[in-house]
Amino acid sequence: MLKKLFLLVLLLPLGLLAQKTIAWKGMQLNALDKQGRKQGEWLFFDSTGTVRMQCAFHNDQPTGPRVFYNSAGDTTLLRFSPEDSSEHFIYYYHGQPISGLFSWVNDKFRIELDRLPEGFSDGDLKDLKTCYTTKIDPLYMFGRARLQEYFSAAYYKSNTIPNWNHNFVLTINASGKVTNVEWADKEDIPANERELFDIFYSMGRWQPFFDTWDAKEIKLTMSLGADLQPITAR
Numbered sequence: 005m006l007k008k009l010f011l012l013v014l015l016l017p018l019g020l021l022a023q024k025t026i027a028w029k030g031m032q033l034n035a036l037d038k039q040g041r042k043q044g045e046w047l048f049f050d051s052t053g054t055v056r057m058q059c060a061f062h063n064d065q066p067t068g069p070r071v072f073y074n075s076a077g078d079t080t081l082l083r084f085s086p087e088d089s090s091e092h093f094i095y096y097y098h099g100q101p102i103s104g105l106f107s108w109v110n111d112k113f114r115i116e117l118d119r120l121p122e123g124f125s126d127g128d129l130k131d132l133k134t135c136y137t138t139k140i141d142p143l144y145m146f147g148r149a150r151l152q153e154y155f156s157a158a159y160y161k162s163n164t165i166p167n168w169n170h171n172f173v174l175t176i177n178a179s180g181k182v183t184n185v186e187w188a189d190k191e192d193i194p195a196n197e198r199e200l201f202d203i204f205y206s207m208g209r210w211q212p213f214f215d216t217w218d219a220k221e222i223k224l225t226m227s228l229g230a231d232l233q234p235i236t237a238r
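Counting in the working numbering, the sequence shown runs from 5 upward without gaps.
Here is the structure:
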């Protein structure tokens with residue numbers, strides 16, 4: 005299923021492939037146009053580098069279905085664009101496609117299935133409910149590069165000596181760009197603040213935070229020490 009969907013990439017205009025993209029298994033994906041807007045087919049990964057979701061964007065807006073995968077690369081859920089307070093989906097229960105509807109009625113969340121497959125339990129229903137608010141965390145360079153290697157190279161080229169421990173608050177926008185950097189601890193700001201901040205602003209693109217239906221801006225707290233081992237947390 006995943007391979008079939010990737011065939012869509014071959015149909016993208018050549019101009020789109022020339023835009024800012026990431027390379028994955030010989031393909032150029034996750035494009036941004038000159039205005040920094042998401043365009044074309046996008047993949048979202050988990051921390052192990054496994055594809056968890058695929059969707060398409062046009063001028064920063066999600067279009068068409070969102071396709072979710074398990075760790076084996078099998079399709080688990082196909083979600084269609086919401087209309088008003090409802091959203092159609094196809095849920096794959098042990099490989100069986102089941103049509104359904106997420107909806108809000110009188111401020112109450114409902115899940116409707118066209119049929120209940122054999123063996124479907126309350127636990128399965130709970131898992132399906134969790135799928136509605138799927139969140140995919142941001143990853144530096146979509147998990148294609150290590151943060152530690154980036155900071156090691158950046159410090160090597162700068163006048164900054166990493167002999168301290170500091171907390172930074174990074175704002176990563178819906179396209180994965182670092183747009184703002186702040187000190188989490190305002191009481192201890194080194195004199196070479198600007199150069200430290202430039203290291204963050206010069207970072208390559210992150211995988212943006214994905215929440216329920218669309219990518220969103222997010223703030224991360226990064227603790228960076230003398231060992232250059234960054235730890236990020238929302």
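Backbone N, C-alpha and C fix where the C-beta goes; we use that ideal spot for every residue, glycine too.
Small disclaimer: the values here were computed from a predicted structure and weren't measured.
The count of Cβ pairs closer than 8 angstroms, one atom from the segment 27-34 and one from the segment 124-136, stays below three, leaving the stretches out of contact.
Around the CB of residue 34, 16 or more other CB atoms lie within 10 Å, so the residue is classed as buried. Cβ atoms of residue 149 and residue 208 come within 8 angstroms of each other, at about 7 angstroms. The beta-bridge partner set that DSSP reports for residue 220 consists of 213. Distance from the CA atom of residue 93 to the CA atom of residue 118, rounded to whole angstroms, is 11 angstroms. Around the beta carbon of residue 46, a 10 Å sphere encloses 16 or more other beta carbons of the protein chains shown; the residue is thus reported as buried. Excluding its 5 nearest sequence neighbours in each direction, residue 64 has C-beta neighbours in its own chain below 6 angstroms: 41 and 42, listed in chain order.
Comparing C-alpha distances from residue 80 to each of 134, 176, 89 and 184 shows the shortest one belongs to 134. Note on geometry: alpha-carbon atoms of residue 143 and residue 223 lie some 13 angstroms from one another. If you draw a straight line from the Cα of residue 170 to the Cα of residue 123, it is about 51 angstroms long.
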